[in-house]
Structure formats: C-alpha cells, structure tokens
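Quick mapping for you: the protein sequence lines, in order, are chains Y and V. Just so you know, my numbering puts 111 at position 111 of the first sequence, and the rest follows in order with no gaps. Just so you know, my numbering puts 267 at position 267 of the second sequence, and the rest follows in order with no gaps. Read the structure below first, then the notes.
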Amino acid sequence: MVNYIIRRLLLVPLLLFGVTILIFGMLQFLTPVERSALYVREIPKNERQIEGIILKYGLDKPLYVQYWRWLVGTTDQVTGERNGGILFGDFGWSRTGGQPVATLIKNRFPNTLDLTLWAVGPVILVGIWLGVQAAVHHNGFADQAGRIFSIVGTSFPTFVFGLLMLMIFYANLQWFPPGRLSTEASIVVNSESFKTYTSLLTIDSLLNGRFDIFIDTLRHMILPILTLSYISWATFLRVTRSSMLETLRQDYVTTARAKGLPERDVIYKHARPNAMISVITLAGFTVVGLMGGVVITETVFDYPGIGKAAAEAAGQLDVVTVLGFALFNGLILIVANVVVDILYAFVDPRVRLS
Amino acid sequence: MTQVAPTGDNSLLAESISMRKIGRLERLLGPDNYRIVVGMFKTPASIIGFSLILFFVLVAIAAPLLAPPINPSDPYRIPRDGFRAEPQPMGSEWRVRQPPIPFWWKAVTGEEEWFHIFGTSQGGYDVYYGIIWGTRTAFTTGMIVVVSTFLIGIIVGSVSAYYGGVVDMILMRIVDVMMTLPFILAALILAAVLTPKIGRSLVPSILALVTFGWMGYARIIRGDILSTKERDYVMAARVIGVKDSRILFRHILPNAIFPTLVLASLAIGDVVLSFAALSFLGIGTEIGYADWGQVLSFARNWIISLDQYWYIVVWPGLTLVLFVMGWNLLGDALRDVLDPRMRGKS
C-alpha cells in the first residue's frame with residue numbers, strides 16, 4: 001500500500017512539469033510583446049519601450065531561460081521587486097479582467113467551487129440510484145427507460161440543454177434566473193454588515209443568518225447544477241447498471257437468496273456495496289470532470305465562476321489569462337486525481353497489488 | 001449401435017453440427033469483425049441511429065438543392081435578410097437579397113417567394129440555411145478530426161507497444177500530461193492561441209480538437225496490441241522468423257485495430273459536439289459561417305426573450321441533438337457487441 005502511494009506521488013512532480021511545459025509551449029505561439037503581459041500591466045505602444053521590456057524580461061532569450069523566468073519570475077535589481085513567476089502565484093496580467101490573473105482566479109473560484117460542491121451530491125446519488133434501479137429491473141421498464149435516458153442524455157450538448165432550460169424556466173416561467181444573485185441580494189452581500197467567512201456564498205449566507213440570501217443563491221444555482229448533472233447521470237447509470245448486473249450474477253448473491261434473505265437485503269446489503277467499487281473511481285473522476293464542465297455551463301447561465309472567465313478571455317483571445325486558468329485547473333486536477341487514485345487503492349485491494 | 005460405412009460426403013457431419021453459411025462479407029472481415037458489423041444493425045435502436053445518420057448524409061449531399069447559395073463559390077456564408085438585430089419569426093417574408101428559389105419550393109410551400117422557414121436569428125441570419133449548410137460543416141470537421149486523431153493514435157499507440165521500455169514510458173507520460181486538462185478547456189485554449197495566427201476559420205478548432213483528441217485511441221490501441229501480441233498466430237509467425245515490423249503491421253495491427261476503428265468512426269458525433277461547443281463559446285469560424293454552434297450562439301443575447309424567439313434555439317438545438325444521437329445509438333449497439341460478456345450470445 002505504502003509502495004503504491006509513493007509510486008503514485010512520485011508521478012505528481014512529473015505531471016506538474018509536463019503541464020507547465022505544455023502551457024509554456026502554447027505561450028510560444030505569442031509574440032514576445034504579447035508575452036510581456038506575463039510580467040507587466042500595460043503593453044507599451046512605443047517601440048523603444050517595447051525593446052526595453054523585451055530586454056528586461058528576457059523575452060528573446062533561449063527557451064530554457066524563458067521557461068525558468070516564467071517559473072520563478074524576474075527580480076528588479078534596483079528595487080528588488082519581483083515580476084512574474086508562476087511558482088509564486090503570479091500568473092501575469094489579465095487584459096480582459098483588468099486585474100492580475102491570480103486575483104481574478106481568487107475572486108471567481110469560490111463561485112465555481114460553490115457550484116460544483118452542490119452538484120456533486122445530486123450527480124453521484126441520483127446517478128447510482130438510477131443505475132441500481134435499472135439493474136434490479138433488468139430488461140424491465142426501468143431498465144428501458146434508463147437506457148433511453150442515457151442515450152438522450154449523452155446526446156444533449158450542455159449548451160443546448162442549458163439554453164432550453166433557460167427558455168422554459170426563465171423566459172417562460174420566470175422561476176430560475178441566470179447570473180449569481182438578484183440585485184437586492186447583491187446589495188446585501190456587498191454591504192458592510194455581511195461578513196465573509198468562506199467566500200462560498202451559500203455557506204456564508206447561512207453563517208450570516210440570512211436565509212433569504214441562501215434561497216436566492218440556490219435559485220440561481222439550480223439550473224446550472226441540473227445542467228452539470230444530467231450528463232453524469234447518464235454515465236453513472238451505465239456504469240452502475242453493468243457493475244450491478246455483474247455482481248448480481250455472483251455466487252454469494254445466489255447464496256444470500258438461497259438463505260431466504262428478503263430481496264431488499266440481497267440487493268442493498270450484499271450486492272450494492274460490492275458493485276460500488278467500480279463506481280467509486282467514476283465518482284472521483286466525475287468530481288474532477290465537473291471542473292471541466294463548468295466552462296460551458298457557467299457561460300450559458302452567465303454565472304461568474306472561473307469557467308466563464310476563461311471562456312470570455314478565450315473569446316477575446318486574451319491568451320495569458322486563459323493559460324493562467326489552464327495552469328490553475330491543471331494543478332487542481334493533478335492533485336485531485338492523485339487523491340482519487342489513493343482513495344481507490346484503499347477501497348479495492350486489486351489496484352494496489354497490481 | 002450400427003456401423004455406417006464412410007460415404008465420403010459431409011452430410012452426416014453437416015446434420016450434426018448444422019453448418020452456417022459463411023457469406024462473402026464474413027470471409028472478408030473474419031468471424032469476430034463480422035459479428036460486430038452484423039450486431040450493429042440488429043436492434044431497433046441501432047437501426048434508428050443508422051437512419052438518422054443516413055438522413056443527415058442526404059441533407060449534406062443535397063444542401064445546394066435544399067438551400068441554394070447566393071454565391072455558389074462561397075456557400076457557407078449564411079445569407080442575411082437585412083441587418084436587424086431582433087430575430088424574425090418563422091414564416092416571415094424574405095425582404096432583402098433573397099437567395100435563388102429551389103425548384104421544389106412552390107410545390108412544397110405553395111408560395112412564390114422565399115420566406116424564413118425557421119425564422120432568422122440575430123442580425124437577419126436565416127436559421128434554415130445555417131442548419132442545412134451546417135450539416136456539411138459538421139461532416140467535414142467530424143471526419144477530418146476523427147481520421148487525424150485515429151491516425152496519430154495508431155502511430156503513437158503502436159510505437160509505444162512495439163518498442164516498449166523507455167519509449168513506451170515517455171509516450172504514455174506525454175499522454176497522461178495531455179489528458180490532465182479537461183478536453184474542452186484544453187481545446188478552447190489552443191484554439192484561442194491559434195486563432196490570431198491562422199485567422200478565423202475551421203482550422204484553429206480542428207487543430208485544437210486533433211491535438212487533444214488522439215490520446216484515448218493511443219491508449220486503447222496500445223492495450224489491444226499488447227494483448228494481441230500474446231495470441232498463438234503471432235507466436236507462430238515469430239517462430240518461423242518473420243521480421244518484427246512485419247509482425248506488427250501484417251499480423252498484429254489488422255487484428256487489433258478493427259474495434260477501435262469502428263469506435264473511432266462513431267466518435268464523429270462527439271467531435272461535432274465539441275466543435276459546436278467551441279463555436280458556441282465564440283472561438284473558431286467567422287461570424288455568419290454556417291455551423292450549428294455558431295447559429296446557437298446567436299441565442300445567447302436573447303435569453304430574456306427566448307419565450308418569444310424559441311425557434312433560434314429549438315431548431316438548431318434539435319438538429320445537433322439528433323445528429324449526435326444518431327451516432328450514439330450506433331455506438332451503444334456497438335458497445336453491446338464488443339462487450340466480451342456478450343460474446344456467444346445472440
């Protein structure tokens with residue numbers, strides 16, 4: 001077990017290095033002047049200044065020098081001020097955001113986290129429930145309905161689904177508006193009396209005792225949560241169903257039935273826990289995958305998270321910002337993947353022995 | 001027990017084993033692959049899927065007849081009826097610069113003049129025209145991306161499996177790294193980086209989807225080759241002294257590749273979906289180019305009044321969903337056939 005964890009952890013720096021190389025490689029499509037946004041706020045217009053900047057930050061130096069400077073930044077010899085350096089959390093200046101990329105991420109990420117945390121529960125629980133029902137009623141109505149749902153679900157692009165949801169529940173029914181907060185609620189949130197504890201609005205509103213704000217945030221989050229969830233439901237349904245069917249064929253299930261256990265206990269106490277092993281990996285990767293899914297969902301629902309910021313920056317070809325987001329996302333995903341792998345090894349002994 | 005003298009024909013054997021007739025296609029593909037092909041056309045779902053795809057193929061081929069372009073050398077530019085921002089309802093008349101009227105128009109609609117069958121989107125773009133010519137865009141991008149990713153996947157996968165050792169390690173770590181970023185985010189970034197260099201066209205998105213799309217195939221093919229390598233006929237070839245490269249390309253690859261080939265060809269649906277997603281986010285083709293994601297992205301500015309302008313979402317959305325669903329239905333049938341637990345059944 002320890003061996004497995006060590007081997008898995010050793011891979012982390014390698015992956016981190018790989019991702020930085022990948023992103024640095026994409027930066028090379030930019031001209032040196034464009035790349036100066038990694039270090040300075042204003043891209044100078046004057047040719048002299050441009051030359052000065054390129055010289056100062058070594059934007060015409062060999063690639064390995066540039067890569068190193070990108071990692072650790074440059075220190076001004078006179079003032080001792082450091083510029084750039086992704087290792088120190090300086091991802092450069094966001095043209096579209098009008099602030100440092102790191103600040104932009106810091107402001108936007110809690111919103112995304114809030115959304116994904118709320119989506120995880122429904123995604124996993126509903127998905128597994130659907131899959132178990134389909135397997136238990138194999139070839140029955142629930143199974144066929146599940147099959148149709150999973151095909152239709154995987155065929156529905158998130159943005160089409162999102163737009164249709166908005167059409168029905170916002171334009172027609174006026175139930176669930178897009179965005180983050182209603183105007184009245186955002187006045188309260190931005191006022192002095194509203195204390196920020198976690199930056200997650202749903203939790204903060206409860207901690208402040210403002211239940212109305214909590215309801216307001218949920219009203220804005222229900223449609224995005226649904227949009228993030230339905231594709232995962234389809235995948236969960238499939239995996240849980242096939243894993244459950246496999247388990248129901250095992251001898252110990254037959255034994256349990258032969259002992260005269262009620263079918264409920266056979267399914268929920270004997271079969272389901274064992275069928276969950278392969279579902280757990282999927283659950284881990286789904287949580288990770290939600291982070292990728294937010295780009296489109298947040299854009300459709302005008303929800304101010306990092307996904308929307310990344311899409312906006314990409315739309316305006318603000319490459320430094322987009323790559324900053326990619327880097328941040330990459331870091332999170334690498335760590336999350338390791339955690340999932342290790343947790344999985346705890347659950348399933350076959351993994352750590354191979 | 002009575003003894004039967006050998007007669008020299010196989011009728012007794014045939015009766016006891018009940019020989020199947022082996023058709024030409026089965027001979028050509030081999031029993032396993034033949035089972036895959038047949039299995040894909042057996043269930044009602046897969047037949048529906050196949051019909052949907054066939055329908056879209058016909059639409060793509062007949063695009064110049066269904067929606068004749070104003071300028072035949074530039075058919076992918078969606079014609080505009082003026083420059084009004086608000087969408088125009090379905091069936092409203094075409095006032096400015098009508099495209100040529102197709103021969104079936106009067107017979108089907110009973111009208112002399114063009115009208116907007118599915119309405120117009122923001123800026124007077126005709127939704128119907130965008131959907132029809134968008135079908136061609138979908139097939140073009142889908143096929144280019146699928147073929148390229150598949151070829152890259154085969155090359156990397158077989159090199160990795162063939163050389164093994166350090167080469168395998170390095171290539172697979174590269175695959176790991178490239179799979180770290182979520183696919184759509186990675187493609188979005190690369191497309192955004194490439195667009196200023198190449199200009200707005202299909203190319204940046206296609207390049208981005210190819211760059212981050214091949215890794216799955218490389219992994220699958222590598223695994224398939226590694227398992228095919230252990231088959232007896234490979235051992236037999238090795239024993240009689242066939243060269244390694246010949247074993248790889250003549251014995252292993254043809255036997256390992258077929259399931260992946262079929263899976264890959266069915267991935268066109270997913271590719272078109274990702275491409276549309278990039279277009280929807282505003283990356284890729286220039287505004288007014290006939291692709292479904294772009295037509296849908298016009299709706300982003302009219303969310304408050306979608307109850308009134310529903311046709312700018314529903315029609316292009318439905319088209320995209322049906323297209324992807326066609327491929328998914330076939331893919332679903334294929335997965336059932338490929339599932340080893342199903343082998344020997346049906």
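By construction, the Cβ of each residue, glycine as well, lies at the ideal position given by its N, Cα and C atoms.
Cβ pair residue i, residue j closer than 8 Å
i, j, result
"residue 340 of chain Y", "residue 285 of chain Y", "yes"
"residue 326 of chain Y", "residue 189 of chain V", "yes"
"residue 93 of chain V", "residue 113 of chain V", "yes"
"residue 306 of chain Y", "residue 180 of chain Y", "no"
"residue 283 of chain V", "residue 205 of chain V", "yes"
"residue 163 of chain Y", "residue 296 of chain V", "yes"
"residue 264 of chain V", "residue 228 of chain V", "no"
"residue 157 of chain Y", "residue 225 of chain Y", "no"
"residue 381 of chain Y", "residue 321 of chain Y", "With chain Y running from 1 to 354 in the structure shown, residue 381 of chain Y is simply not present."
"residue 193 of chain V", "residue 295 of chain Y", "no"
"residue 215 of chain V", "residue 272 of chain V", "no"
"residue 279 of chain Y", "residue 247 of chain Y", "no"
Beta-carbon contacts of residue i that lie in its chain and below 8 Å, excluding the five residues immediately before and after
i, result
"residue 206 of chain Y", "214"
"residue 337 of chain V", "35, 36, 39, 40"
"residue 26 of chain V", "34"
"residue 245 of chain Y", "135, 138"
"residue 346 of chain V", "Any reading at residue 346 of chain V must be qualified, since the residue scores a pLDDT of 37, below 50, and its modelled position is unreliable; no value is offered."
"residue 95 of chain V", "81, 82"
"residue 334 of chain Y", "12, 15, 16, 19"
Host alpha helix (DSSP H) of residue i (start-end)
i, result
"residue 143 of chain Y", "141-155"
"residue 230 of chain V", "Run containing residue 230 of chain V: none; DSSP gives neither H nor E here."
"residue 197 of chain V", "183-198"
"residue 34 of chain V", "31-39"
"residue 101 of chain V", "Here residue 101 of chain V belongs to no alpha helix (DSSP H), and DSSP marks it neither H nor E."
"residue 262 of chain V", "253-266"
"residue 32 of chain Y", "32-35"
"residue 409 of chain V", "This structure leaves residue 409 of chain V out entirely; chain V is present only between 1 and 346."
"residue 130 of chain V", "127-163"
"residue 106 of chain Y", "101-136"
"residue 220 of chain Y", "211-248"
"residue 4 of chain Y", "2-27"
"residue 50 of chain V", "44-61"
"residue 179 of chain V", "Run containing residue 179 of chain V: none; DSSP gives neither H nor E here."
"residue 315 of chain Y", "306-315"
"residue 205 of chain V", "202-211"
"residue 186 of chain Y", "183-190"
"residue 159 of chain Y", "158-166"
"residue 256 of chain Y", "251-258"
"residue 204 of chain Y", "201-207"
"residue 107 of chain V", "105-109"
"residue 39 of chain Y", "No alpha helix (DSSP H) holds residue 39 of chain Y; DSSP gives it neither H nor E."
"residue 296 of chain V", "292-297"
"residue 51 of chain Y", "47-56"
Residues that residue i contacts on chain V, provided the C-beta gap is smaller than 8 Å
i, result
"residue 102 of chain Y", "Here the premise fails: no neighbours, minimum Cβ distance about 17 Å."
"residue 33 of chain Y", "Per Cβ cutoff of 8 Å: no residues; residue 33 of chain Y is ~13 Å from chain V at best."
"residue 338 of chain Y", "Here the premise fails: no neighbours, minimum Cβ distance about 11 Å."
"residue 178 of chain Y", "303"
"residue 329 of chain Y", "181, 182, 185"
Neighbourhood of residue i by C-beta distance below 6 Å, restricted to the same chain and skipping five residues each side
i, result
"residue 3 of chain Y", "none"
"residue 293 of chain V", "276, 279, 280"
"residue 237 of chain V", "247, 251"
Listed by chain order, chain V residues near residue i by CB distance under 7 Å
i, result
"residue 154 of chain Y", "328"
"residue 356 of chain Y", "There is no way to answer for residue 356 of chain Y, as the model of chain Y reaches only from 1 to 354."
Per-residue contacts from residue i into chain Y (C-beta, under 9 Å)
i, result
"residue 305 of chain V", "171"
"residue 324 of chain V", "154, 155, 156, 157"
Proximal residues of chain V, C-beta to C-beta of residue i below 9 Å
i, result
"residue 18 of chain Y", "173, 174, 176, 177, 178, 180"
"residue 358 of chain Y", "The structure shown does not extend to residue 358 of chain Y, since chain Y is modelled only from 1 to 354, so the question has no answer here."
"residue 14 of chain Y", "173, 176, 177"
Neighbour list for residue i in chain Y, Cβ cutoff strictly below 7 Å
i, result
"residue 310 of chain V", "167"
"residue 196 of chain V", "317"
"residue 54 of chain V", "Those do not exist, as residue 54 of chain V stays about 17 Å from chain Y at its closest Cβ, beyond 7 Å."
Contacting residues, own chain, Cβ-Cβ under 7 Å from residue i (five flanking each side not counted)
i, result
"residue 158 of chain V", "221, 225, 248, 253"
"residue 60 of chain V", "135, 136, 139"
Chain-ordered chain Y contacts of residue i [CB-CB under 8 Å]
i, result
"residue 320 of chain V", "157, 160"
"residue 313 of chain V", "160, 163, 164, 167"
Inter-stretch contact at 8 Å, needing at least 3 Cβ pairs: the stretch 107-120 of chain V / the stretch 128-136 of chain V: Cβ pair count under 8 Å is three or more, so yes.
Sufficient close CB pairs (3 or more, under 8 Å) joining the stretch 60-78 of chain Y to the stretch 20-33 of chain Y: Contact between the stretch 60-78 of chain Y and the stretch 20-33 of chain Y is established, with three or more Cβ pairs separated by less than 8 Å.
Contact the stretch 8-23 of chain Y vs the stretch 167-183 of chain V: 3+ CB pairs below 8 Å: Yes: the two stretches touch, three or more of their Cβ pairs being nearer than 8 Å.
Validate contact between the stretch 320-331 of chain V and the stretch 138-157 of chain Y using beta carbons, cut 8 Å, 3 pairs: Judged by Cβ distances under 8 Å, the stretch 320-331 of chain V makes contact with the stretch 138-157 of chain Y, as three or more pairs qualify.
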